[in-house]
Amino acid sequence: MRVVPRELQTPVPCEGREFFIFTAKTRRARRKKGRSLSGLCAFAVKKGVGMIDQLNQFEKDALAKLAALHDAASLRAWKSETFGKQTVLSTALTELGKLPKEERPLVGKRTNEIKRALEAAYDEKEGALRAAELDVSLRADALDVTLPGRPLRRGRLHIATQTLRQICAIWADMGFQVYRSREIESDEYNFELLNIPKHHPAREMQDTFHTTLPDVILRTHTSPGQIHAMREFYPNPIRVVLPGMVYRYEQITARSEIQFNQIEGLAVGKGIRMTDLKGTLTDFARRMFGTTVRTRFRADHFPFTEPSAEMDVECFVCGGKGCSVCKRSGWLEILGCGMVHPIVLQNGGYDPRVYSGFAFGMGPERIAMLKYKIEDIRYFWANDLRFLEQF
Ligand code: DAH
């Protein structure tokens, strides 16, 4: 009779049977029950040892399956299959009670050992799979942190917007508030209230886009904002600039576009005179084009101002000597202006016997064209980067 050492508790097949450990307990039991050694062996084969056999086989199979699987889903399936309720591993412990007393510790111990071994194998496999997965994804999305970064292309403001903002900033410094007004206007605001009745020849010059609603149009100039501002601010004094897009139904040429920006200005109060207009606009021109620039006013006509004028600045390209930009005149026309017409003041709610004011309107694209010698107004909205990136 050989006794398997305690450390080698896996039974070893021998003469068609299997050995098991004779613990002090089993020996005692043997004596008590008067069982022969061979009888005891036979019993062990049938009960405890058979169970251990099954457990060992189970462990062997499970480990083999575990070794063969290569993905997380199969690993999950393996886990529920291996540690599920219907396996020898889980039934061994519940069936323990049915085994002879002396076998129970052996089977119990082996069961726990196998459980721990399988759990450890599972953990190890899970770690290996995760590492392999990480390895694959690192390989797939390889990121070389030593590569120099791609520079972010900086955007910039459109040249028309830049000019518009520069002009607004100057007026803001001079105490004029920026007042936003709508681009979709009624015929009444765009024309009537500005002293341009139906059939007035000025309408001819400012044909526009009409909507499907009668008398609702795209504004042809920023001047209707004057009425909105007056109606909002009455009876307070006003100093505003009104920037924004305007529209005209025109043939698109190098000199005319169907949309462009304007900046309107309006000052209303008591005792405002033509000299205020001239001084204020000259101050603006000096801030915009240089402190020594000269200005001149030429009489003109606008229905919404009386008297009306055009303001020229000394050509900032040639300094007044005469060049192609100023067409050899030495002067550049940059805005229209005038004293607010009494009818317009009245339409805004201000009594023209008490209040007076001046107004002006200029086009930032036109000013940018003069400043940068841009020869064709169509460049502004053609979205050609070769043009836009120059500013
Ligand atoms: N609204 C005029 C235009 O579009 C420009 C203008 C001229 C505005 C004189 C004014 C002004 O306020 O006083 O042609």
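Number 443 marks the last residue of the sequence shown (the working numbering); no jumps. Yeah, the Cβ is synthetic: ideal placement off N, Cα and C, and Gly gets one too. Computed from a predicted model, the values in this text were never measured in an experiment.
- Assignment of glutamate 316 by DSSP, reduced to helix, strand and coil, places it in the strand class.
- Along the region 279–333, the beta strand (DSSP E) occurs as fully enclosed runs of 3 or more residues at 290–299 and 311–321, listed in sequence order.
- Under the criterion of beta carbons closer than 8 Å, serine 408 and valine 392 qualify as touching, at roughly 7 Å.
- About 6 Å separates the beta carbons of glycine 317 and phenylalanine 228, which is inside the 8 Å limit, making them a contact pair.
- A distance below 8 Å between beta-carbons, with the five flanking residues on each side excluded, links alanine 180 to no residue of its chain.
- Cβ neighbours of methionine 363 within its own chain (closer than 7 Å, five residues either side excluded): Leu333, Thr347, Phe349, Ile386, Leu387 and Cys389.
- With a cutoff of 8 Å on beta-carbon distance, alanine 114 and leucine 170 are scored as near each other.
- Scanning its chain for C-beta atoms nearer than 8 Å, with the 5 sequence neighbours on each side dropped, one finds around tyrosine 299 the residues Glu235, Thr260, Phe261, Leu270, Arg271, Thr272, Ile310 and Gln311, in chain order.
- The residue among Ala411, Trp130 and His251 with its C-alpha nearest the C-alpha of arginine 291 is Ala411.
- In the DSSP annotation of this structure, the continuous segment of the beta strand (DSSP E) that includes methionine 363 starts and ends at 357–366.
- Not one heavy atom of the ligand DAH is found less than 7 Å from the C-beta of threonine 260.
- As a beta-bridge residue in DSSP terms, glycine 390 pairs with Ser360 and Ala411.
- Between leucine 127 and glutamate 165, the CB-CB gap reaches or exceeds 8 Å.
- Counting along the chain, the unbroken beta strand (DSSP E) around threonine 347 starts and ends at 347–354.
- As a beta-bridge residue in DSSP terms, valine 268 pairs with Ser238.
- Comparing alpha carbon positions, the residue from Trp130, Ala119, Asp193 and Arg217 closest to isoleucine 419 is Arg217.
- Between the C-alpha atoms of glycine 321 and glycine 374 there is a straight-line separation of about 39 Å.
- Contact annotation: the region 151–166 touches the region 104–112, with at least three C-beta pairs closer than 8 Å.
- For asparagine 108, the enclosing alpha helix (DSSP H) starts and ends at 102–120.
- Taking a contact to require three or more Cβ pairs closer than 8 Å, the region 200–216 and the region 239–252 do not qualify as touching.
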